[in-house]
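The block underneath contains the structure these notes are about, expressed in structure tokens.
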Amino acid sequence: MPPDRMLRSLLVALGIATTGCYSGLDANNGGLGPDGAAGDDAADGDDDDDDDDDDGEDPVPLCDDLGSSPLRRISSAQYAHMVQDLLPPEFAQQALAVEMFPHTVIDDGFSTYATANTVSSSESIAIEDNAEQIAEIFLENIETYAPQMMSCLSPGFSPDDIESCIDTFIAEFGLRVFRRPLTDGELDIVTTLYDDVAAEDGPELALAALVQYFLQAPAFLYMAERAGDGDQQYVALDPYELAARIALLMTDSLPDEELLAAAAEGRLSTREEVEAQARRLLDSPNLSRGFVRFHHEWMRGFSLDAASRVHPLWNEDVHAAASEELGTFAQWFLDETDGTVSTLLSTTAFSPDDRLSEIYAAGADEPGAGPRPGILTTAAAMSAQAHAEATSLVSRGAFVRSHVLCMSVPAFPGDVDIDGTLGDYSELPTARERLEPLMLEPSCAGCHVGINPLGFAFEVYDWAGAYRSTENGSPIDTTAELAIGSIEGEFGDAQELMDTIAQSSEARDCYALHWFRYAVGRAESPDDRCVVEDIQGAFEQADGDVRELLVAIAASDAVRFRKVSQ
1124 MPPDRMLRSL LVALGIATTG CYSGLDANNG GLGPDGAAGD DAADGDDDDD DDDDDGEDPV
1184 PLCDDLGSSP LRRISSAQYA HMVQDLLPPE FAQQALAVEM FPHTVIDDGF STYATANTVS
1244 SSESIAIEDN AEQIAEIFLE NIETYAPQMM SCLSPGFSPD DIESCIDTFI AEFGLRVFRR
1304 PLTDGELDIV TTLYDDVAAE DGPELALAAL VQYFLQAPAF LYMAERAGDG DQQYVALDPY
1364 ELAARIALLM TDSLPDEELL AAAAEGRLST REEVEAQARR LLDSPNLSRG FVRFHHEWMR
1424 GFSLDAASRV HPLWNEDVHA AASEELGTFA QWFLDETDGT VSTLLSTTAF SPDDRLSEIY
1484 AAGADEPGAG PRPGILTTAA AMSAQAHAEA TSLVSRGAFV RSHVLCMSVP AFPGDVDIDG
1544 TLGDYSELPT ARERLEPLML EPSCAGCHVG INPLGFAFEV YDWAGAYRST ENGSPIDTTA
1604 ELAIGSIEGE FGDAQELMDT IAQSSEARDC YALHWFRYAV GRAESPDDRC VVEDIQGAFE
1664 QADGDVRELL VAIAASDAVR FRKVSQ
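Numbering follows this note's numbering, in which position 102 of the sequence shown is assigned residue number 1225; successive positions increment by one, without gaps.
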């Protein structure tokens, strides 16, 4: 039997192929082992040998209730980051080039949502095939990669050398992959796999089998957390679980050595200790991973991934640059500004990619063009909130209302006669004029008076994000009179509007709420109100400093505790 088929056969026989694992995980079991046992004390962070995880005084949440945490599989981006951090650089590059791991697809929310990372039968097979291909790459280059991955193995090793240090490799690599020490049940699985393959085909193939196992194991791919006692409303995460959550929020990947050491030494038991680790990770070069992705997804940049625009300035290079621009803006914001949400929404200092030069040059000499304020008026954001051949004043207004201010936007009624409502207005030159009946008709005005004016200022940016002062030869009127929360007054253009929005409590609180959603992998529930308010309060006290927001989320009850399903 060829080596790759043999590896798969062994994994299937042991019951650890992806097809047999992913649909059966229990959110309250945590996938700890075939018997559901928690394993030895090393896996729960306790210091003694005979207790029930009750060393010391249990942490107590500040809030009376918490929202339920779903069982989450890591996203495809997080998987890539973890592979980069687990494997030697050249091996990681080859592993990611396999590209069989299912791509996380979203049309709402964030890629971190549990609902965006479910596993179908075909995706389960793809995960298995992906790990198999990576194991084959390892086997083909084992002389190079094995010593780089095994601290106890030297270059020029022999098969006997693998045998002598396999236990060390399993402990060290397993700790990194699973983000905690292996349980007794998991150790039995891994050692049985190694011993069976080694006895039949030698230590080198057995080592490759372990690589394949670890890279498709549920404990790697899922943020699985232990159950609490049946009568508990919440459970404090054990140190390793907490370290895993902190790392995923701050670096979009696995805990680093310092975070794992803090977990092992019991240095994550208080809010202050968690804050200290989160603040340390603010200096990590990997902080930008999740930071960039959050802003790309918050501004709905994913809508550009497969989209095209029918526009004279749109081409493949422009499309590629637009798809990257929100992430580029976020990276620049993180590296080059004061890092406050007001700056994010109003700064005019960002310099776009040269590939977008024609987009940004369009209409630049026209009166009123001026610098663009904040991330919302980038070419990418404006294009993302538009149709292929036209702008969408209503969509842009609704986006500002729901995604920047977190105010409710009623669902579109299915029985509206748009053509009849717009009537003769539909032939007018500008979108503002054509859609005016929506502001006047009683059955429509209740919604549209709080939506359309928020889109007026952005009509000067067309569906490719290029500036224009006219539509169909008529001047575009960007003025608006608003009374939406604290957003009150008359606004002449996008700069005036964004300057006011950037300083508003609604925008600050909304931004924090989106980060909460991104961090916990779900939309908020009524039970999350206390936690969200605490996070928003800390953000306000930090004057909207986004780095401090991340620290506040990491130290919040939403990260440090989990509600027990009843």
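All residues carry an ideal CB built from backbone N, CA and C; glycine is no exception.
Notebook entry, point to check: In this structure, does DSSP put Tyr1345 in helix, strand or coil?
Noted result: Position 222 of the sequence shown holds residue 1345. Here Tyr1345 sits in strand by DSSP.
Note to self: Less than 8 Å between the beta carbons of Ala1445 and Leu1468, yes or no?
What the structure shows: Numbered from its first residue, the sequence shown carries residue 1445 at position 322. Numbered from its first residue, the sequence shown carries residue 1468 at position 345. In this structure, Leu1468 does not lie closer than 8 Å to Ala1445 by Cβ.
Checklist line | Inter-residue CB distance, Arg1519 and Phe1417 (contact presumed, cutoff 8 Å) | finding: The residue given as residue 1519 occupies position 396 in the sequence shown. The residue given as residue 1417 occupies position 294 in the sequence shown. Not really, about 21 Å apart at Cβ, beyond 8 Å.
Notebook entry, point to check: In chain order, what residues of the same chain lie with their CB nearer than 8 Å to the CB of Gly1198, ignoring the 5 residues before and after it?
Noted result: Taking the first residue of the sequence shown as position 1, residue 1198 is located at position 75. Looking at the sequence itself, residue 1198 is Ser, so the reference to Gly does not match. Only Thr1227, Ser1234, Thr1235, Ala1239 and Asn1240 meet the Cβ criterion.
Next item on the list: Flag this pair as yes or no: are the beta carbons of Gln1356 and Ala1254 separated by less than 8 Å?
Entry: By 1-based counting over the sequence shown, the position of residue 1356 is 233. By 1-based counting over the sequence shown, the position of residue 1254 is 131. It is not a contact, given that the beta carbons lie outside the stated cut-off.
Notebook entry, point to check: Residue ranges of each beta strand (DSSP E) run of no fewer than 3 residues wholly in the region 1583-1636, ordered along the chain?
Noted result: 1603-1607 and 1610-1614
Notebook entry, point to check: Rounded to a whole number of angstroms, what is the C-alpha to C-alpha distance between Leu1262 and Phe1214?
Noted result: Locating residue 1262 in the sequence shown gives position 139, where the first residue counts as 1. Locating residue 1214 in the sequence shown gives position 91, where the first residue counts as 1. About 11 Å.
Checklist line | DSSP-derived helix/strand/coil call for Ala1661 | finding: Within the sequence shown, the letter at position 538 stands for residue 1661. Helix at Ala1661.
Next item on the list: Reducing DSSP to helix, strand and coil, say where Val1690 ends up.
Entry: One cannot answer for residue 1690 here, as it falls past the ends of the chain, which runs 1124 to 1689.
Notebook entry, point to check: Considering only residues of the same chain and omitting the five flanking positions on each side of Leu1436, which have a CB-CB separation below 8 Å?
Noted result: As a working mapping, residue 1436 is identified with position 313 in the sequence shown. The answer, listed in chain order, is Glu1481, Ile1482, Ala1485, Ala1587 and Ala1589.
Next item on the list: Determine, using beta carbons only, whether Tyr1641 and Val1464 come nearer to each other than 8 Å.
Entry: Position 518 of the sequence shown, counted from the first residue, corresponds to residue 1641. Position 341 of the sequence shown, counted from the first residue, corresponds to residue 1464. The answer is no: Cβ separation not under 8 Å.
Item checked: CA nearest to the CA of Glu1420, picked from Gly1450, Phe1579 and Leu1405 -> Translated into positions along the sequence shown, residue 1420 becomes position 297. The option with the nearest alpha carbon to Glu1420 is Gly1450.
Checklist line | For Ser1426 and Ala1507, believed in contact at Cβ under 8 Å, the rounded distance | finding: The sequence position of residue 1507 within the sequence shown is 384, counting from 1. The sequence position of residue 1426 within the sequence shown is 303, counting from 1. Sure, about 5 Å apart at Cβ, within 8 Å.
Checklist line | Contacts around Ser1627, its chain only, beta-carbon distance under 8 Å, and the 5 residues preceding and following it disregarded | finding: The count along the sequence shown starts at 1 and reaches residue 1627 at position 504. Answer for Ser1627: Leu1528, Gly1608, Ser1609 and Ile1610, listed in chain order.
Checklist line | Contact belief for Gln1618 with Pro1496 at Cβ below 8 Å, rounded distance in angstroms | finding: Within the sequence shown, residue 1618 is the residue found at index 495, counting from 1. Within the sequence shown, residue 1496 is the residue found at index 373, counting from 1. Confirmed, about 5 Å.
Note to self: Buried or exposed, going by whether 16 or more other CB atoms sit within 10 Å of the CB of Gln1664?
What the structure shows: The residue given as residue 1664 occupies position 541 in the sequence shown. Exposed, because fewer than 16 other Cβ atoms sit within 10 Å of the Cβ of Gln1664.
Checklist line | Runs of alpha helix (DSSP H) wholly within the region 1286-1345 (minimum 4 residues, chain order) | finding: 1307-1324, 1326-1337 and 1341-1344
Note to self: Check whether the region 1664-1683 and the region 1372-1381 are in contact - that is, three or more C-beta pairs closer than 8 Å.
What the structure shows: yes
Next item on the list: To the nearest angstrom, report how far apart Phe1662 and Glu1459 are at their CA atoms.
Entry: Locating residue 1662 in the sequence shown gives position 539, where the first residue counts as 1. Locating residue 1459 in the sequence shown gives position 336, where the first residue counts as 1. Between Phe1662 and Glu1459, the C-alpha separation is close to 20 Å.
Note to self: For a quick check, are the C-beta atoms of Leu1377 and Leu1209 less than 8 Å apart?
What the structure shows: In the sequence shown, residue 1377 corresponds to position 254, counting from 1. In the sequence shown, residue 1209 corresponds to position 86, counting from 1. Yes; because the gap between Cβ atoms is below 8 Å, this pair is in contact.
Note to self: Within the continuous beta strand (DSSP E) that includes Gly1684, where are the two ends?
What the structure shows: Counting from 1 along the sequence shown, the entry for residue 1684 is found at position 561. Reading off the sequence shown, one finds Phe at residue 1684, where the question assumed Gly. Element bounds for Phe1684: Phe1684 to Lys1686.
Checklist line | In DSSP terms, what Val1358 is bridged to | finding: For the purposes of this step, residue 1358 is taken as the residue at position 235 of the sequence shown. According to DSSP, which records beta bridges pairwise, Val1358 is partnered with Arg1685.
Note to self: Please return the same chain residues whose Cβ sits closer than 7 Å to the Cβ of Arg1524, not counting the five positions on each side in sequence.
What the structure shows: Counting from 1 along the sequence shown, the entry for residue 1524 is found at position 401. These residues qualify, in order along the chain: Met1530, Val1532, Gly1573, Ile1574 and Leu1577.
Checklist line | Residue from Val1313, Thr1466, Leu1328 and Phe1224 with nearest C-alpha to Phe1337 | finding: Residue numbering aside, residue 1337 sits at position 214 when the sequence shown is read from its first letter. It is Val1313.
Note to self: Please report the straight-line C-alpha distance between Asp1354 and Arg1685, rounded to a whole angstrom.
What the structure shows: For the purposes of this step, residue 1354 is taken as residue 231 along the sequence shown, with counting starting at 1. For the purposes of this step, residue 1685 is taken as residue 562 along the sequence shown, with counting starting at 1. Rounded to whole angstroms, Asp1354 to Arg1685 spans 14 Å at the Cα level.
Checklist line | Val1441 burial status per 10 Å Cβ neighbour count (16 or more: buried) | finding: As a position in the sequence shown, residue 1441 is number 318, starting the count at 1. Looking at its Cβ environment, which holds 16 or more other Cβ atoms inside 10 Å, Val1441 is buried.
Next item on the list: With Ser1277 as the anchor, note down where its alpha helix (DSSP H) starts and where it stops.
Entry: By 1-based counting over the sequence shown, the position of residue 1277 is 154. It is not in any alpha helix (DSSP H) - Ser1277 carries neither H nor E in the DSSP assignment.
Check: What whole-angstrom Cβ distance do Val1415 and Ile1369 have, given they're in contact under 8 Å?
Finding: Residue 1415 sits at position 292 when you count from the first residue of the sequence shown. Residue 1369 sits at position 246 when you count from the first residue of the sequence shown. With a Cβ gap of about 19 Å, Val1415 and Ile1369 do not count as contacting.
Note to self: Which of the three DSSP states is assigned to Asp1375 in this structure?
What the structure shows: In the sequence shown, counting from the first residue as 1, residue 1375 sits at position 252. Three-state result, Asp1375: coil.
Margin query: With a threshold of 6 Å on Cβ separation, who are the neighbours of Gly1697 within its own chain once the five nearest residues in sequence on each side are excluded?
Written below: Outside the shown range of the chain, which is 1124 to 1689, sits residue 1697, and nothing can be said about it.
Item checked: C-beta atoms of Gln1256 and Met1223 nearer than 8 Å -> Along the sequence shown, one-based indexing puts residue 1256 at 133. Along the sequence shown, one-based indexing puts residue 1223 at 100. It is a contact, given that the beta carbons lie within the stated cut-off.
Checklist line | Rounded C-alpha distance that separates Gly1493 from Ala1472 | finding: Against the sequence shown, residue 1493 aligns to sequence position 370. Against the sequence shown, residue 1472 aligns to sequence position 349. Straight-line Cα distance between these residues: approximately 12 Å.
Next item on the list: Spatial neighbours of Ile1293 within its chain, please: CB distance less than 8 Å, with the 5 preceding and 5 following residues excluded, ordered by chain position.
Entry: Residue mapping note: residue 1293 aligns to position 170 of the sequence shown, counting from 1. Leu1305, Leu1310, Val1313, Thr1314, Tyr1317 and Leu1333, listed in sequence order.
Margin query: Using the three-state DSSP reduction, which class does Arg1196 fall into: helix, strand or coil?
Written below: Taking the first residue of the sequence shown as position 1, residue 1196 is located at position 73. It is a strand residue.
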